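Engineer: One structure is given below, represented as structure tokens, and several questions about it will come after.
Residue numbers (our numbering), protein chains in the order written: chain A, 5 to 277; chain B, 163 to 481.
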């Protein structure tokens with residue numbers, strides 16, 4: 005692929021997304037200060053020593069942003085991975101096997117989607133222990149309903165193709181049909197959806213942490229940092245806007261990339277290359 | 163009212179009631195999914211045996227789950243939502259004013275956003291692929307990516323702290339004059355409008371564009387009707403059903419999406435109440451509020467479907 009063929013919007017998205025990922029992976033080496041290390045006064049403005057200033061307890065905001073990138077992206081990515089593997093396998097299986105399994109799974113997903121996701125998450129989180137594993141499981145399971153719908157719809161179309169028919173006549177089992185016939189052909193719409201689901205996971209996690217029900221201190225994630233620093237806003241201290249802005253920047257850049265992938269794959273289908 | 167329409171509507175409502183029952187089971191089950199003891203997880207590891215025993219009795223944990231479910235459902239249907247574990251207050255009496263506050267906020271957000279979205283959608287169709295259209299789709303990208311608290315605190319910083327035009331905390335109470343109330347909720351309403359506007363606008367645009375490809379639009383164009391008149395007289399009436407659908411879905415989102423906005427602006431609504439009690443692990447309150455939110459959401463979805471049936475000319479004039 006030639007770099008020149010990437011539209012500028014998608015290029016910006018790719019660069020910023022890559023930057024965030026780099027920071028998330030190497031947080032421990034990049035961050036100038038420790039996660040909980042108190043380095044100065046409360047809400048100091050940005051200076052050459054502390055680039056983004058300090059937070060509500062006098063911790064270096066830049067270091068916390070870097071650690072926060074790691075926590076936020078890690079949890080969102082894990083939840084997306086769970087929702088994708090579960091949702092797509094179940095969706096493909098429902099489309100291929102049909103019958104009672106399809107009906108049961110589809111009706112159950114309809115039921116789950118009748119309840120607003122945030123509300124159901126709050127109901128469940130009221131009894132579950134607040135750990136990172138719980139968050140990943142709850143977010144991943146709730147979001148897998150949406151992936152299920154999409155992958156089932158895609159797989160139903162592919163399932164009637166001649167080559168799938170041929171594989172069935174050859175006597176291949178359901179796992180072969182799902183992983184060797186349907187999955188490779190359903191990949192392009194799913195990859196673009198992957199980006200959107202990841203953004204949704206980032207926003208959802210941030211909302212939960214902002215409400216105080218997501219990542220618990222002393223760990224730092226961007227939504228939680230907005231919550232910690234929000235009281236400064238009324239004194240005109242914009243510290244809370246920095247993590248909030250980072251969430252927005254990540255979401256917009258992933259969106260730009262996902263849009264580009266979607267356009268690229270749809271134009272491939274149109275035969276224009 | 164003729165019979166096929168009435169039958170369809172009755173079917174849809176019956177289905178909705180069935181769905182609500184299933185949702186109530188799911189919400190109840192959602193608080194029972196722990197492998198261990200709910201009382202233990204509410205009170206934590208350091209709880210004394212007496213406290214655990216009391217809580218188990220309060221929650222009725224000595225009875226099997228299905229008995230508890232039907233007791234709970236029976237209570238809900240007769241307007242008794244139980245008592246809060248933390249405050250020992252009746253949930254229904256605490257909840258009602260908060261429900262009204264939430265609906266008040268969502269109502270004003272709808273009053274502003276719905277006409278605005280439809281007008282902007284029409285403009286986008288009229289000048290499609292022009293700068294207005296581009297601007298609108300860029301705006302849509304931004305609004306699906308920005309978290310509510312980013313918009314919210316940005317507005318607070320600018321309009322409440324730098325300029326002090328509006329309060330940063332939206333306190334409202336009974337007996338407050340309407341205008342003062344409206345002044346207090348300007349900022350949260352703005353956030354909600356910005357969050358739902360883009361989606362509604364885009365769907366309106368898509369619905370009208372879809373109709374614009376019909377043969378009768380071409381006929382109207384050929385006989386020389388102006389662009390705006392085509393959209394207003396020919397395209398809009400035929401796009402009403404999908405637009406109503408989008409509007410209802412967004413209203414449902416408004417009622418639910420207020421949770422975060424209420425916390426940002428410390429607004430005394432249902433969302434704030436829910437979040438507080440999730441943190442305190444007050445299960446009866448969480449169940450009650452969760453069920454009400456789900457009911458409003460499903461109710462608005464039913465209204466959307468019924469409106470879709472009523473505005474469908476093929477069903478209104480059966481052959």
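Idealized CB from N, CA, C, for every residue including glycine. Predicted model only: the values in this text are computed from it and were never measured.
Assuming residue 463/B contacts residue 403/B under a Cβ cut-off of 8 Å, what Cβ separation, rounded to an integer in Å, is found between them?
Structural biologist: Locating residue 463/B in the second chain gives position 301, counting from the first residue. Locating residue 403/B in the second chain gives position 241, counting from the first residue. Between residue 403/B and residue 463/B the Cβ distance is about 14 Å, and since that is not below 8 Å, they are no contact.
Engineer: Can you give me the C-alpha to C-alpha distance between residue 472/B and residue 397/B, rounded to a whole angstrom?
Structural biologist: Indexing the second chain from 1 puts residue 472/B at position 310. Indexing the second chain from 1 puts residue 397/B at position 235. So the alpha carbons of these two residues sit roughly 18 Å apart.
Engineer: In whole angstroms, give me the CA-to-CA distance for residue 354/B and residue 227/B.
Structural biologist: Against the second chain, residue 354/B aligns to sequence position 192. Against the second chain, residue 227/B aligns to sequence position 65. Whole-angstrom Cα-Cα distance: 39 Å.
Engineer: Any Cβ of chain A within less than 8 Å of the Cβ of residue 231/B?
Structural biologist: Residue 231/B sits at position 69 when you count from the first residue of the second chain. No, no contact with chain A.
Engineer: Which value, in whole angstroms, describes the spacing of the CA atoms of residue 325/B and residue 225/B?
Structural biologist: As a working note, residue 325/B is residue 163 in the second chain. As a working note, residue 225/B is residue 63 in the second chain. Each residue's alpha carbon lies about 58 Å from the other.
Engineer: Between the alpha carbons of residue 152/A and residue 386/B, how many angstroms are there, rounded?
Structural biologist: Counting from one through the first chain, the residue named residue 152/A turns up at place 148. Counting from one through the second chain, the residue named residue 386/B turns up at place 224. If I take the Cα positions, the gap works out to 48 Å.
Engineer: For residue 221/A, which residues in chain B fall below 9 Å Cβ to Cβ?
Structural biologist: Here the question's residue 221/A lines up with position 217 in the first chain. Per Cβ cutoff of 9 Å: no residues; residue 221/A is ~13 Å from chain B at best.
Engineer: Hey, could you find the ends of the alpha helix (DSSP H) residue 345/B is sitting in?
Structural biologist: The sequence position of residue 345/B within the second chain is 183, counting from 1. That run of the alpha helix (DSSP H) goes 340-346.
Engineer: Excluding sequence positions up to five away, which residues of its chain have a Cβ less than 6 Å from the Cβ of residue 176/A?
Structural biologist: Taking the first chain and counting its residues from 1, one reaches residue 176/A at position 172. Closer than 6 Å at Cβ, skipping near neighbours: no residue.
Engineer: Verify whether the separation of the beta carbon atoms of residue 103/A and residue 159/A is less than 8 Å.
Structural biologist: Residue 103/A sits at position 99 when you count from the first residue of the first chain. Residue 159/A sits at position 155 when you count from the first residue of the first chain. In this structure, residue 103/A sits away from residue 159/A, with a CB-CB distance that is not shorter than 8 Å.
Engineer: Pairs of beta-carbons, one from the stretch 82-98 of chain A and one from the stretch 144-151 of chain A, closer than 8 Å: are there three or more?
Structural biologist: yes
Engineer: Would you mind telling me which residues of chain A sit closer than 8 Å to residue 323/B, beta carbon to beta carbon, in chain order?
Structural biologist: Position 161 of the second chain, counting from 1, holds the residue named residue 323/B. The contacting residues are 237, 238, 239, 240.
Engineer: Considering only C-alpha positions, which residue in the set 390/B, 381/B, 249/B, 359/B is nearest to residue 370/B?
Structural biologist: Indexing the second chain from 1 puts residue 370/B at position 208. Closest by alpha carbon: 390/B.
Engineer: Please list the terminal residues of the continuous alpha helix (DSSP H) segment that includes residue 331/B.
Structural biologist: Working through the second chain from its first residue, we reach residue 331/B at position 169. Looking at the DSSP string, residue 331/B is not in any alpha helix (DSSP H), and its letter there is neither H nor E.
Engineer: With a threshold of 8 Å between beta carbons, is residue 443/B in contact with chain A?
Structural biologist: Residue numbering aside, residue 443/B sits at position 281 when the second chain is read from its first letter. The C-beta of residue 443/B comes closer than 8 Å to at least one C-beta of chain A.
Engineer: From 25/A, 264/A, 257/A, pick the residue whose C-alpha is nearest to that of residue 304/B; which is it?
Structural biologist: In the second chain, residue 304/B corresponds to position 142, counting from 1. Closest option to residue 304/B, Cα to Cα, is 257/A.
Engineer: Quick check on residue 174/B: does DSSP put it in helix, strand or coil?
Structural biologist: Position 12 of the second chain holds residue 174/B. In this structure, residue 174/B counts as helix in the three-state DSSP scheme.
Engineer: If you compare alpha carbons, which of 154/A, 204/A, 74/A, 13/A is closest to residue 310/B?
Structural biologist: Your numbering for residue 310/B matches position 148 in the second chain. The shortest C-alpha separation from residue 310/B is found at 204/A.
Engineer: Return the residue from the list 255/B, 206/B, 469/B, 455/B that minimises the CA-CA distance to residue 185/B.
Structural biologist: Walking along the second chain from the start, residue 185/B turns up at place 23. If we check each option's Cα against that of residue 185/B, 455/B comes out closest.
Engineer: Over the uninterrupted alpha helix (DSSP H) stretch that includes residue 222/A, give me the two end residues.
Structural biologist: If you number the first chain from 1, residue 222/A lands on position 218. Unbroken run through residue 222/A: none, as it is neither H nor E.
Engineer: At 8 Å on the CB atoms, spell out the chain A contacts of residue 251/B, in chain order.
Structural biologist: Mapped onto the second chain, residue 251/B falls at position 89. Simply none; closest approach about 18 Å.
Engineer: If you measure from the beta carbon of residue 267/A to each beta carbon in chain B, is any gap under 8 Å?
Structural biologist: The residue given as residue 267/A occupies position 263 in the first chain. No, residue 267/A does not count as interfacial toward chain B.
Engineer: For residue 302/B, which residues from the same chain have a beta carbon less than 8 Å from its beta carbon, with the 5 sequence-adjacent residues on both sides left out?
Structural biologist: Looking up residue 302/B in the second chain gives position 140. So the qualifying residues of the chain are 360, 361, 363, 364.
Engineer: For residue 367/B, collect the residues of the same chain with a Cβ closer than 7 Å to its Cβ; drop the 5 residues on either side in sequence, then sort them by chain order.
Structural biologist: Within the second chain, the letter at position 205 stands for residue 367/B. Answer for residue 367/B: 283, 286, 287, listed in chain order.
Engineer: Relative to chain A, which residues along the stretch 391-420 of chain B have a C-beta separation below 7 Å, given in chain order?
Structural biologist: 418
Engineer: Tell me which residues of the stretch 293-327 of chain B have at least one Cβ-Cβ distance to chain A shorter than 8 Å, keeping chain order.
Structural biologist: 303, 304, 306, 307, 308, 309, 310, 311, 312, 315, 316, 318, 319, 322, 323, 324
Engineer: Evaluate residue 76/A with the Cβ neighbour count: other Cβ atoms within 10 Å of its Cβ, from every protein chain shown; 16 or more gives buried, anything less gives exposed.
Structural biologist: For the purposes of this step, residue 76/A is taken as residue 72 along the first chain, with counting starting at 1. That one is buried.
Engineer: Is it buried or exposed for residue 213/B, if we count other Cβ within 10 angstroms and need 16 for buried?
Structural biologist: Along the second chain, one-based indexing puts residue 213/B at 51. So residue 213/B counts as exposed.
Engineer: When you compare only the Cα positions, how much space is there between residue 321/B and residue 328/B?
Structural biologist: Position 159 of the second chain, counting from 1, holds the residue named residue 321/B. Position 166 of the second chain, counting from 1, holds the residue named residue 328/B. Going by the C-alpha atoms only, they are around 6 Å apart.
Engineer: Does any residue of chain B have a CB that is nearer than 8 Å to the CB of residue 120/A?
Structural biologist: Stepping through the first chain from its first residue, residue 120/A is reached at position 116. Answer yes: the Cβ-Cβ gap between residue 120/A and chain B drops below 8 Å somewhere.
Engineer: Using 10 angstroms around the beta-carbon of residue 37/A, count the other beta-carbons present and answer buried if the total reaches 16, otherwise exposed.
Structural biologist: Reading the first chain from its first residue, position 33 is the one you call residue 37/A. Buried, by the Cβ-count rule.
Engineer: Run the CB neighbour count on residue 376/B, radius 10 Å, all protein chains shown included, and call it buried at 16 or more, exposed below.
Structural biologist: In the second chain, residue 376/B corresponds to position 214, counting from 1. By the neighbour-count rule (16 or more Cβ atoms within 10 Å), residue 376/B is not buried but exposed.
Engineer: In whole angstroms, give me the CA-to-CA distance for residue 422/B and residue 180/A.
Structural biologist: Translated into positions along the second chain, residue 422/B becomes position 260. Translated into positions along the first chain, residue 180/A becomes position 176. When rounded, the distance between both Cα atoms is 45 Å.
Engineer: Does the beta-carbon of residue 446/B have 16 or more other beta-carbons within 10 angstroms, so that it is buried, or is it exposed?
Structural biologist: Here residue 446/B corresponds to residue number 284 of the second chain, with the count starting at 1. Counting Cβ neighbours within 10 Å, residue 446/B comes out buried, since at least 16 surround it.
Engineer: Answer yes or no: does any C-beta atom of chain B fall closer than 8 Å to that of residue 211/A?
Structural biologist: Numbered from 1 along the first chain, position 207 holds the residue referred to as residue 211/A. Yes, contact with chain B.
Engineer: For residue 225/A, I'd like the list of residues in its chain whose CB is within less than 8 Å of its CB, leaving aside the five on either flank, ordered along the chain.
Structural biologist: As a position in the first chain, residue 225/A is number 221, starting the count at 1. So the list reads 72, 75, 76, 79, 209, 210, 213, 218, 219, once near-sequence residues are dropped.
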